[in-house]
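Student:
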Amino acid sequence: MTTTEASVPATPAARRGAAPRPAARRRSMSRAGRTHDAGPLTYVVLIVVALVSLFPLYWTLVAASTDTHRVVSSPPPLIPGPNLFKNLSYVWHNAGGRGMGVALVNSTLVAGSVTLGTVAFSLLAGFAFAKLRFAGSGMLMGLVVATLAVPAQLSVVPLFILMKNLGWGNHLEALIMPTLVTAFGVFFMRQYLIGALPTELLEAARVDGANSLRVVWHVVVPIARPAMAVLGMLTFVQSWNDFLWPIIAMNGSTNPTVQVALAGLGTGWSTDWSVIMAGALIGTLPLLLVFILFGRQIVGGITQGAVKG
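Residue numbers (our numbering): 15 to 323.
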């Protein structure tokens, strides 16, 4: 190198193309790995939001542990009363004609079956619409999305006639079969797989000799697990809280679900609000148990999927 070349300063383009100095690299890594501690105000806001979110559940417990006169009094009670186990026992033995135990079993069977069917069928249909090419796929997907604009109330009458002709009236099949797959589930899984499932990964599995079933089980399912968890949770909650179709298709006095059994508690000459709240407390506990058991897995799966993406 000549003296003239050594004395010429580096151009901006040369400086941009040059590798960063070790000190600059360390400062960049330090900024990238820096964690920000939340201040006291953040914790105060989180505590307030948590208390506001938990207050309806606490009020349900308070109302279920007292009597109707105290529930409707002004100001309302804020401390649990002595009648909790009495009201819970009454609901357990009298709700729905056969007791709350039968209603809980029916709702668990219906919500569990609907959740498994919706997740499985939505995964298969979403994968087909996202990554497979076949004639009319765009039109079929458009029809699936168009069904979301149709109110569910419009299908009650033809669906009831169909269930009656099939002999499923007052049977759990009438609640399970019509909701084994939903348009929302298909659309949700399709949109997730379009971005999360690389086409090159499918082609590599095909080159290795994997058939369609092995591709779905060993490639699609592991990648779609976060979306499957979210869809399963949403489907379970929706099926558990469903009221319109179960009260039409089922006999509330002999084979009720939880929501139908709770509706029967409000009938009579006067409404016993403490008993209704006790039933609502029993009907809410399974949902809380599901969130406690699977909430961490769902959040962890979503976070894992986001990091991998």
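The beta-carbon is built from N, C-alpha and C at its ideal position, and this holds for glycine as well.
A quick note: this is a predicted structure, and the numbers were derived from the prediction, not measured.
Tell me the rounded alpha-carbon separation between W161 and F257.
Tutor: Locating residue 161 in the sequence shown gives position 147, where the first residue counts as 1. Locating residue 257 in the sequence shown gives position 243, where the first residue counts as 1. Note that residue 161 is Thr in the sequence shown here, rather than Trp. So the two alpha carbons sit approximately 21 Å from each other.
Student: Just checking my contact of G297 with V272 at CB under 8 Å: how many whole Å lie between their CB atoms?
Tutor: Locating residue 297 in the sequence shown gives position 283, counting from the first residue. Locating residue 272 in the sequence shown gives position 258, counting from the first residue. Sure, about 4 Å apart at Cβ, within 8 Å.
Student: Can you tell which of L279, L307, I290, A294 has its C-alpha closest to the C-alpha of G110?
Tutor: Taking the sequence shown and counting its residues from 1, one reaches residue 110 at position 96. Of L279, L307, I290, A294, the residue nearest in Cα terms is L279.
Student: Look at the alpha carbon of A149 and the alpha carbon of F141, and state the distance between them as a whole number of angstroms.
Tutor: Taking the sequence shown and counting its residues from 1, one reaches residue 149 at position 135. Taking the sequence shown and counting its residues from 1, one reaches residue 141 at position 127. Each residue's alpha carbon lies about 15 Å from the other.
Student: For F250, which residues from the same chain have a beta carbon less than 6 Å from its beta carbon, with the 5 sequence-adjacent residues on both sides left out?
Tutor: Working through the sequence shown from its first residue, we reach residue 250 at position 236. Correct list, in chain order: A125, T129.
Student: Do you know how far the Cα of L157 is from the Cα of L215?
Tutor: Here residue 215 refers to the residue found at position 201 when the sequence shown is read from its first residue. Here residue 157 refers to the residue found at position 143 when the sequence shown is read from its first residue. Straight-line Cα distance between these residues: approximately 29 Å.
Student: Tell me the rounded alpha-carbon separation between F202 and T213.
Tutor: As a working mapping, residue 202 is identified with position 188 in the sequence shown. As a working mapping, residue 213 is identified with position 199 in the sequence shown. In a straight line, the C-alpha of F202 is about 18 Å away from that of T213.
Student: Which runs of the alpha helix (DSSP H) fall wholly inside the stretch 156-198 and span at least 4 residues, in chain order?
Tutor: Runs found: 170-179, 187-190.
Student: Just checking, does the stretch 288-307 make contact with the stretch 131-138 on the three C-beta pairs under 8 Å criterion?
Tutor: Judged by Cβ distances under 8 Å, the stretch 288-307 makes no contact with the stretch 131-138, as fewer than three pairs qualify.
Student: Checking 8 Å against the spacing of the C-beta atoms, do A188 and A263 come in under that value?
Tutor: The residue you call residue 188 lines up with position 174 of the sequence shown. The residue you call residue 263 lines up with position 249 of the sequence shown. Contact flag set, yes.
Student: Just to confirm my understanding: we take P260, look at its own chain, exclude 5 residues before and 5 after, and list those with CB closer than 7 Å. What are they?
Tutor: Counted from its first residue, the sequence shown places residue 260 at position 246. Correct list, in chain order: L189, T271, Q273, V274.
Student: Count the CB pairs spanning the stretch 80-92 and the stretch 241-249 that are closer than 8 Å, and state whether there are at least three.
Tutor: The stretch 80-92, when compared against the stretch 241-249, does not touch it at the 8 Å Cβ threshold.
Student: Considering only the beta carbon of each residue, do A139 and V200 sit closer than 8 Å?
Tutor: Taking the first residue of the sequence shown as position 1, residue 139 is located at position 125. Taking the first residue of the sequence shown as position 1, residue 200 is located at position 186. Yes, these two residues count as a Cβ contact at 8 Å.
Student: In the structure shown, what three-state DSSP assignment does S44 receive?
Tutor: Residue numbering aside, residue 44 sits at position 30 when the sequence shown is read from its first letter. With a pLDDT of 44 at S44, under the threshold of 50, the modelled position of this residue cannot be trusted; read the value that follows with caution. If DSSP states are grouped into helix, strand and coil, S44 belongs with the helices.
Student: With distance defined between alpha-carbon atoms, name the residue in S103, T74, A210, N97 nearest to D81.
Tutor: Taking the sequence shown and counting its residues from 1, the one referred to as residue 81 is at position 67. When only C-alpha atoms are compared, the closest one is N97.
Student: Roughly how many angstroms lie between the CA atoms of A219 and A197, to the nearest whole one?
Tutor: Position 205 of the sequence shown holds residue 219. Position 183 of the sequence shown holds residue 197. Their backbone Cα atoms lie some 29 Å apart in a straight line.
Student: Taking the C-alpha atoms as reference points, what is the distance between S151 and V164?
Tutor: Position 137 of the sequence shown, counted from the first residue, corresponds to residue 151. Position 150 of the sequence shown, counted from the first residue, corresponds to residue 164. Near 21 Å, if we compare the C-alpha coordinates of V164 and S151.
Student: Buried or exposed for R204, please, with buried defined as at least 16 other CB atoms from any protein chain shown within 10 angstroms of its CB.
Tutor: Looking up residue 204 in the sequence shown gives position 190. Looking at its Cβ environment, which holds 16 or more other Cβ atoms inside 10 Å, R204 is buried.
Student: Any idea if A46 is buried or exposed, counting beta-carbon neighbours within 10 angstroms, 16 or more meaning buried?
Tutor: Translated into the one-based positions of the sequence shown, residue 46 becomes position 32. Because A46 sits at a pLDDT of 47, beneath the cut-off of 50, its placement in the model cannot be relied upon, and the following sentence gives the value as read from the coordinates. The residue in question, A46, is exposed, as its Cβ has fewer than 16 Cβ neighbours within 10 Å.
Student: With A144 and L207 assumed to form a contact (beta carbons below 8 Å), what rounded beta-carbon distance in angstroms separates them?
Tutor: Indexing the sequence shown from 1 puts residue 144 at position 130. Indexing the sequence shown from 1 puts residue 207 at position 193. Indeed, because the Cβ distance is near 4 Å, the residues count as touching under 8 Å.
Student: Can you tell me whether DSSP reads N108 as helix, strand or coil?
Tutor: Reading the sequence shown from its first residue, position 94 is the one you call residue 108. Reduced to three states, the DSSP call for N108 is helix.
Student: For M15, name the three-state secondary structure that DSSP assigns.
Tutor: Here residue 15 refers to the residue found at position 1 when the sequence shown is read from its first residue. In this prediction, M15 scores a pLDDT of 47, lower than 50, which makes its location untrustworthy; the coordinate-derived value is nonetheless stated afterwards. In this structure, M15 counts as coil in the three-state DSSP scheme.
Student: Can you tell me whether DSSP reads A117 as helix, strand or coil?
Tutor: In the sequence shown, the residue the question calls residue 117 occupies position 103. Three-state DSSP puts A117 in a helix.
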